[in-house]
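Chemist: In terms of this note's numbering, the sequence shown has 478 at position 54, counting the first letter as 1, and numbering is strictly consecutive. All residues carry an ideal CB built from backbone N, CA and C; glycine is no exception.
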Amino acid sequence: MATEVLEERLIELVRARYDKNPESTLCPSEVPRTLEKDGEIDSGTWRDYMDPTREIVYRLRDAGVLQILQKGEVISSTGPSEVKGPIRVRLTPKTTIQKP
Numbered sequence: 425m426a427t428e429v430l431e432e433r434l435i436e437l438v439r440a441r442y443d444k445n446p447e448s449t450l451c452p453s454e455v456p457r458t459l460e461k462d463g464e465i466d467s468g469t470w471r472d473y474m475d476p477t478r479e480i481v482y483r484l485r486d487a488g489v490l491q492i493l494q495k496g497e498v499i500s501s502t503g504p505s506e507v508k509g510p511i512r513v514r515l516t517p518k519t520t521i522q523k524p
């Protein structure tokens with residue numbers, strides 16, 4: 425699967441959360457899980473897509489599109505290898521993403 429599909433789903437999910445509540449966050453695992461649920465990836469393989477999903481999350485964070493939170497606090501300077509434990513993501517305030 426191309427990373428574009430993961431990125432598109434991530435943006436779709438995080439935008440939907442933002443539209444309901446700008447403070448709402450998303451667990452990155454929801455991206456491949458929804459792809460699995462929709463039959464876009466094989467059943468039982470969503471974990472295989474977590475590393476590419478995390479890479480996308482950090483790239484979009486570095487581009488100013490997303491915020492990464494851990495324990496409710498925004499983490500802005502750490503990389504994926506430095507973060508231990510679960511993270512959540514949300515749109516950066518005042519980010520506009522064009523709808524397809």
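What is the C-beta distance between I511 and L493, in whole angstroms, given that I count them as a contact (C-beta under 8 angstroms)?
Modeler: By 1-based counting over the sequence shown, the position of residue 511 is 87. By 1-based counting over the sequence shown, the position of residue 493 is 69. Contact holds; Cβ gap of about 7 angstroms.
Chemist: Have a look at R439, R457, T458 and P456 and flag the residue whose alpha-carbon is nearest the alpha-carbon of T449.
Modeler: In the sequence shown, the residue the question calls residue 449 occupies position 25. Comparing Cα-Cα distances from T449 to each of R439, R457, T458 and P456, the minimum goes to R439.
Chemist: Go to V481, then tell me how far its alpha helix (DSSP H) extends in each direction, as first and last residue.
Modeler: The residue given as residue 481 occupies position 57 in the sequence shown. First-last of the alpha helix (DSSP H) with V481: M474 to D486.
Chemist: Assess contact between the stretch 460-474 and the stretch 484-498, defined as three or more Cβ pairs (one per stretch) separated by less than 8 angstroms. Is contact present?
Modeler: No, the stretch 460-474 is not in contact with the stretch 484-498.
Chemist: With a 10 Å radius around its C-beta and 16 neighbouring C-beta atoms as the bar for buried, classify E454 as buried or exposed.
Modeler: Taking the first residue of the sequence shown as position 1, residue 454 is located at position 30. Classification of E454: buried, given that the 10 Å Cβ count is 16 or more.
Chemist: Buried or exposed: which applies to P456, given that a residue is buried once 16 or more other Cβ atoms fall within 10 Å of its Cβ?
Modeler: Taking the first residue of the sequence shown as 1, we reach residue 456 at position 32. When all chains shown are included, P456 counts as buried.
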